[in-house]
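Visitor:
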Amino acid sequence: MSSNPASTLRHRTNVMPAPPGSGQAEDIRQAAEQIASKIPPHHTLTSLSITHVQFAQDDILSKLFAYVTLSPLAILCGYAAVIITSRDLKPAVMLAGQLANELVNLVLKRLVKQARPTEYLGDGYGMPSSHSQFMAYFATYVVILMYRRSIASDPLVPHTVSAVVVLWSALVVYSRVHLYYHTWQQVVAGTICGFFFAIIYYNIVNGFLRSKGLFDWIVDHPLARQFHIRDTDSIHDVAKFDWEMWQQYRRTTAQAKNQ
Numbered sequence: 029m030s031s032n033p034a035s036t037l038r039h040r041t042n043v044m045p046a047p048p049g050s051g052q053a054e055d056i057r058q059a060a061e062q063i064a065s066k067i068p069p070h071h072t073l074t075s076l077s078i079t080h081v082q083f084a085q086d087d088i089l090s091k092l093f094a095y096v097t098l099s100p101l102a103i104l105c106g107y108a109a110v111i112i113t114s115r116d117l118k119p120a121v122m123l124a125g126q127l128a129n130e131l132v133n134l135v136l137k138r139l140v141k142q143a144r145p146t147e148y149l150g151d152g153y154g155m156p157s158s159h160s161q162f163m164a165y166f167a168t169y170v171v172i173l174m175y176r177r178s179i180a181s182d183p184l185v186p187h188t189v190s191a192v193v194v195l196w197s198a199l200v201v202y203s204r205v206h207l208y209y210h211t212w213q214q215v216v217a218g219t220i221c222g223f224f225f226a227i228i229y230y231n232i233v234n235g236f237l238r239s240k241g242l243f244d245w246i247v248d249h250p251l252a253r254q255f256h257i258r259d260t261d262s263i264h265d266v267a268k269f270d271w272e273m274w275q276q277y278r279r280t281t282a283q284a285k286n287q
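Residue numbers for the sequence shown, in our numbering: 29 to 287.
(1) Does residue 277 come out as helix, strand or coil in the three-state DSSP assignment?
(2) Could you compute how far the alpha carbon of residue 169 sits from the alpha carbon of residue 242?
(3) Would you say the segment 204-222 touches the segment 89-102, given that touching needs at least three Cβ pairs under 8 Å?
(4) Give me, in chain order, the residues of the same chain whose beta-carbon lies closer than 6 Å to that of residue 162; leave out the 5 immediate sequence neighbours on both sides.
(5) Should the segment 257-269 be called in touch with the segment 101-119, which here means at least 3 C-beta pairs below 8 Å?
(6) Apply the 10 Å Cβ neighbour rule to residue 284 and answer buried if 16 or more other Cβ atoms are within range, or exposed otherwise.
(7) Quick check on the DSSP output: the alpha helix (DSSP H) that includes residue 248 runs from which residue to which?
(8) Can you tell me the Cβ-Cβ gap for residue 204 and residue 215, rounded? I've got them flagged as a contact below 8 Å.
(9) DSSP on residue 204, reduced to helix/strand/coil?
(10) Assuming contact is defined by CB atoms lying nearer than 8 Å, are residue 217 and residue 156 in contact in what I supplied?
(11) Cα separation between residue 49 and residue 85?
(12) Please name the residue in 152, 135, 225 whose C-alpha comes closest to that of residue 288.
(13) Would you report the Cα separation of residue 185 and residue 91, rounded to the nearest angstrom?
(14) Taking 7 Å as the cut-off, does the CB of residue 86 come closer than this to any heavy atom belonging to the ligand NAD?
(15) Anyone know if the C-beta pair for residue 190 and residue 171 falls short of 8 Å?
(16) Judging by CA-CA distance, which residue of 134, 249, 164, 221 is the nearest neighbour of residue 195?
(17) Would you mind sorting residue 93 into buried or exposed? The rule is 16 or more other CB atoms within 10 Å of its CB.
(18) Use the C-beta contact count for residue 159: other C-beta atoms within 10 angstroms, 16 or more gives buried, fewer gives exposed.
(19) Taking all protein chains shown into account, decide if residue 113 is buried (16 or more other Cβ within 10 angstroms of its Cβ) or exposed.
(20) What does the Cβ neighbour count give for residue 280, buried or exposed, with the cut at 16 atoms within 10 Å?
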């Protein structure tokens, strides 16, 4: 809730208890009045609520889902970490689609203009749910990568990873309803939008754009070479490939030392 910072500051100094036997309270009030006088009266304060989630204190599941519903932030941090450490186009392309998916959600909300279940948990439209659309895109894209661009030699890995991300996404979707941030219709709509956007985006990027040589042009660009950008899409198992390259480097180094 927004408030006038000057009046709020004055109110707090008026109710501030004075230390027994000291004149510090008057000094504090005078300092607060000086600060408040410098704040324009028409200014209001609000909060940056990126991680602000409200939940019922007496509901254990609500507290758990309050953490679960923050998953998109953790995923974005994961994107950044993987892209910076690997310098690979594959996760960068997936992140670009994730951001485009968020833009689509923003446009849809402005078009539909459907309110959230309650106005007490924040402003803004609720149809479709951005959290649900975010997680649906993420889960769908990961599942596609697991089965169409298998990245592991163990056949159980695609099944395990797919099951985990789908379950994770389902928990996030349910958390939005459990915490009363969205209705079932809003989270279902978000899930459907994210699912189909991931499929369309994947086929456009990895079908049409890749066949046109876009990724080859990117990795061959002087700027990309300077930052060692690579494209591992054609490598079946990146972890095994990196390990084999490391083993080869170890052998080469050992042979050089023995000469």
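Glycine is no exception: its CB is placed at the ideal position from the N, C-alpha and C atoms.
Guide: In brief:
(1) As a working mapping, residue 277 is identified with position 249 in the sequence shown. Note: residue 277 maps to helix in three-state DSSP.
(2) Within the sequence shown, the letter at position 141 stands for residue 169. Within the sequence shown, the letter at position 214 stands for residue 242. The alpha-carbon atoms of residue 169 and residue 242 are separated by roughly 20 Å.
(3) yes
(4) Translated into positions along the sequence shown, residue 162 becomes position 134. Closer than 6 Å at the Cβ level, and outside the excluded window around residue 162, lie 100.
(5) yes
(6) As a position in the sequence shown, residue 284 is number 256, starting the count at 1. Exposed is the call here.
(7) By one-based count along the sequence shown, residue 248 stands at place 220. Here the alpha helix (DSSP H) through residue 248 covers 242-248.
(8) As a working note, residue 204 is residue 176 in the sequence shown. As a working note, residue 215 is residue 187 in the sequence shown. Between residue 215 and residue 204 the Cβ distance is about 5 Å, and since that is below 8 Å, they are a contact.
(9) Residue numbering aside, residue 204 sits at position 176 when the sequence shown is read from its first letter. DSSP places residue 204 in helix when its eight states are reduced to three.
(10) As a working mapping, residue 217 is identified with position 189 in the sequence shown. As a working mapping, residue 156 is identified with position 128 in the sequence shown. Contact: yes.
(11) Translated into positions along the sequence shown, residue 49 becomes position 21. Translated into positions along the sequence shown, residue 85 becomes position 57. No answer about residue 49 holds up, because its pLDDT of 49 lies below 50 and its placement is not dependable.
(12) Residue 288 falls outside the range modelled here, since the chain spans only 29 to 287, and no answer is possible.
(13) Here residue 185 is taken as the residue at index 157 of the sequence shown, counted from 1. Here residue 91 is taken as the residue at index 63 of the sequence shown, counted from 1. The alpha-carbon atoms of residue 185 and residue 91 are separated by roughly 31 Å.
(14) Because no ligand of any kind appears in the structure shown, any question about the ligand NAD cannot be addressed here.
(15) Residue mapping note: residue 190 aligns to position 162 of the sequence shown, counting from 1. Residue mapping note: residue 171 aligns to position 143 of the sequence shown, counting from 1. Cβ distance < 8 Å, so residue 190 and residue 171 count as in contact.
(16) Along the sequence shown, read from residue 1 onward, the residue named residue 195 stands at position 167. With distances taken between Cα atoms, residue 195 lies closest to 164.
(17) Working through the sequence shown from its first residue, we reach residue 93 at position 65. Its Cβ being crowded by 16 or more others within 10 Å, residue 93 is buried.
(18) Along the sequence shown, one-based indexing puts residue 159 at 131. Buried, because 16 or more other Cβ atoms sit within 10 Å of the Cβ of residue 159.
(19) Here residue 113 refers to the residue found at position 85 when the sequence shown is read from its first residue. With fewer than 16 Cβ atoms within 10 Å of its Cβ, residue 113 is classed as exposed.
(20) As a working mapping, residue 280 is identified with position 252 in the sequence shown. Burial call: exposed.
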